[in-house]
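Sequential numbering from 33 applies to the sequence shown in my numbering. To start, the structure under review is shown below, and the notes come after it.
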Amino acid sequence: MGDTTPALPDFVLDANAVLKDDKAAWRHGRVPDYSKTRAFYESTKKMNHEARSLPDLVEKLVKNWEIEASYKTSLSDWRTVDQTKYTLSLNGGPPQTGEHMLQVGTYNALLTPSSYYDPAHNDFSASHKSFKRMMPTFAWEVLEVYSGPPVVVFKWRHWGMMVNDYVGFNE
């Protein structure tokens, strides 16, 4: 008998898979360069997931999803999610659609209002400028996977080195 294990998609095997999507509509008209972020991640990560383990697959999926959510301008170009069913919920908050993320930006979708930052006063472009200027390399790492798939629940960290002052608009 032959192997009946389904093939895994490239975006769970290669953290840079979606960067090869040359037909996608990319923000700023070009594929983003993640080489510095990947180097920073490799030198500062805490976890070493076994290749093809669930945490490894989820981590690569999340990295590719972040690229798509941040830089692909059309939900129809996202390969990491089922575009008709996808929602994101953070810390028990309300589900958000991919279209919502494309409108407000990933930072605004992930952050709640505080005395330091208020998504209501920062559009997609302003939020990305604030965070990318402050922390040019901002890595993702999966710490633990609690469930999945098809519904994946995990603990993660998102960190960087602050190299410039934070400038945000809260009012």
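Idealized CB from N, CA, C, for every residue including glycine. Just so it is clear, the structure is predicted and the values come from calculations on it, not from any experiment.
Contacting residues, own chain, Cβ-Cβ under 7 Å from F186 (five flanking each side not counted): Here residue 186 refers to the residue found at position 154 when the sequence shown is read from its first residue. Result list for F186: V90, V174, E176, V177, Y178, in chain order.
With a threshold of 16 other CB atoms inside 10 Å of the CB of P126, please say whether the residue is buried or exposed. By 1-based counting over the sequence shown, the position of residue 126 is 94. That one is exposed.
Do you know offhand how far S146's Cα is from S75's? As a position in the sequence shown, residue 146 is number 114, starting the count at 1. As a position in the sequence shown, residue 75 is number 43, starting the count at 1. Spanning the two alpha carbons is a distance of roughly 31 Å.
Does K117 pass the burial test, meaning 16 or more other C-beta atoms within 10 Å, or should it be called exposed? As a first step, residue 117 must be located in the sequence shown, where it is residue number 85. The residue in question, K117, is exposed, as its Cβ has fewer than 16 Cβ neighbours within 10 Å.
Quick check: what's the CA-CA separation for L107 versus A56? For the purposes of this step, residue 107 is taken as the residue at position 75 of the sequence shown. For the purposes of this step, residue 56 is taken as the residue at position 24 of the sequence shown. Cα to Cα, L107 sits roughly 10 Å from A56.
Rounded to a whole number of angstroms, what is the C-alpha to C-alpha distance between L51 and N154? The residue given as residue 51 occupies position 19 in the sequence shown. The residue given as residue 154 occupies position 122 in the sequence shown. Taking the straight line from one Cα to the other gives about 27 Å.
With three or more C-beta pairs closer than 8 Å as the rule, is the region 70-85 touching the region 126-146? no
Smallest Cα separation from M193: which of P41, A171, V63? Your numbering for residue 193 matches position 161 in the sequence shown. It is A171 whose Cα lies nearest to the Cα of M193.
Output the distance between the C-alpha atoms of P38 and Y66, rounded to the nearest integer angstrom. Here the question's residue 38 lines up with position 6 in the sequence shown. Here the question's residue 66 lines up with position 34 in the sequence shown. Whole-angstrom Cα-Cα distance: 29 Å.
Decide if T105 is buried, meaning its Cβ has at least 16 other Cβ atoms within 10 Å, or exposed. Position 73 of the sequence shown, counted from the first residue, corresponds to residue 105. Label assigned to T105: exposed.
Between the beta-carbon of T112 and the beta-carbon of F156, is there less than 8 Å? Residue 112 sits at position 80 when you count from the first residue of the sequence shown. Residue 156 sits at position 124 when you count from the first residue of the sequence shown. Not a contact, by the Cβ cut-off of 8 Å.
Would you give the residue range spanned by the beta strand (DSSP E) that H190 belongs to? Taking the first residue of the sequence shown as 1, we reach residue 190 at position 158. Boundaries of the beta strand (DSSP E) around H190: 185-192.
Cα-Cα, which of M167, N96, A158 is closest to A49? As a working note, residue 49 is residue 17 in the sequence shown. Ranking M167, N96, A158 by Cα distance to A49 puts N96 first.
Give the DSSP bridge partners of L120, in chain order. In the sequence shown, the residue the question calls residue 120 occupies position 88. The beta-bridge partner set that DSSP reports for L120 consists of Q128.
Which residue from A47, Y103, D46, L86 puts its Cα closest to that of G61? As a first step, residue 61 is located in the sequence shown; it is residue number 29 there, counting from the start. If we check each option's Cα against that of G61, Y103 comes out closest.
Using CA coordinates, which residue listed in P87, Y198, G180, R70 is at the minimum distance from T169? For this step, residue 169 is matched to residue 137 along the sequence shown. Nearest C-alpha to T169 among P87, Y198, G180, R70: R70.
T50 in three-state terms, based on DSSP: Locating residue 50 in the sequence shown gives position 18, where the first residue counts as 1. Sequence check: residue 50 is Val here, not Thr. Three-state DSSP puts V50 in a helix.
Would you report the Cα separation of D88 and V94, rounded to the nearest angstrom? In the sequence shown, residue 88 corresponds to position 56, counting from 1. In the sequence shown, residue 94 corresponds to position 62, counting from 1. So the alpha carbons of these two residues sit roughly 10 Å apart.
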